[in-house]
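**Q**
Numbering (this note's numbering), first residue to last: 4 to 147.
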């Protein structure tokens with residue numbers, strides 16, 4: 004038997020507290036019939052072709068993964084490929100240097116790009132005081 008953490012008399016109080024966080028909808032809370040103040044939603048900035056990634060199996064064997072990755076001042080990632088792991092990345096904080104083969108480029112907060120089957124790269128945070136952060140969203144095989 005699982006022990007009760009709270010006495011039963013607290014259950015109604017918890018229900019009242021939970022429900023009190025919801026309020027009646029105001030006039031502005033009604034969803035519009037058409038978008039208001041929205042731009043770019045139907046204009047993709049690019050796409051990643053899955054064919055070159057040669058993903059084995061069915062799409063149901065994969066999941067969409069989103070990560071917030073922090074790179075400490077002076078920190079770096081190891082070189083890594085993206086074949087079989089297509090993704091999209093956006094720098095959300097700081098500055099990074101991205102290395103691809105013999106090339107390098109500086110990316111800043113707000114910059115975004117795709118990682119396709121040909122992407123092999125690594126990052127270094129050149130700052131001695133500010134951590135950098137990236138949002139990385141990729142398609143990965145489900146863990147079994």
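For every residue, glycine included, the Cβ atom is placed at its ideal position computed from N, Cα and C.
Looking at C-alpha atoms only, which residue of 52, 72, 113 is the closest neighbour of residue 122?
**A** Your numbering for residue 122 matches position 119 in the chain shown. Minimum Cα distance to residue 122 is reached at 52.
**Q** Return the bridge partner residues of residue 96 from the DSSP annotation.
**A** Walking along the chain shown from the start, residue 96 turns up at place 93. 136, per the DSSP bridge assignment.
**Q** For residue 36, count neighbouring Cβ atoms within 10 angstroms of its own Cβ and tell me buried if that reaches 16, exposed if not.
**A** Walking along the chain shown from the start, residue 36 turns up at place 33. Classification for residue 36: exposed.
**Q** Taking 9 Å as the cut-off, decide whether the C-beta atoms of residue 34 and residue 77 are in contact.
**A** Translated into positions along the chain shown, residue 34 becomes position 31. Translated into positions along the chain shown, residue 77 becomes position 74. In this structure, residue 77 does not lie closer than 9 Å to residue 34 by Cβ.
**Q** Our contact map puts residue 94 next to residue 69 with C-beta atoms below 8 Å; I'd like the distance itself, whole angstroms only.
**A** Position 91 of the chain shown, counted from the first residue, corresponds to residue 94. Position 66 of the chain shown, counted from the first residue, corresponds to residue 69. About 15 Å separates the two Cβ atoms, so there is no contact after all.
**Q** Apart from the five residues on each side of it in sequence, which residues of its chain come closer than 6 Å, Cβ to Cβ, to residue 120?
**A** Here residue 120 refers to the residue found at position 117 of the chain shown. Hits under 6 Å: 55, 56, 86.
**Q** Near residue 64, which residues of its chain fall below 7 Å by C-beta distance, leaving aside the five closest residues on each side in sequence?
**A** Locating residue 64 in the chain shown gives position 61, where the first residue counts as 1. These residues qualify, in order along the chain: 144, 145.
**Q** If I'm right that residue 89 touches residue 118 with Cβ under 8 Å, what's the distance once you round it to whole angstroms?
**A** In the chain shown, counting from the first residue as 1, residue 89 sits at position 86. In the chain shown, counting from the first residue as 1, residue 118 sits at position 115. Indeed they touch by this definition, with Cβ atoms about 6 Å apart.
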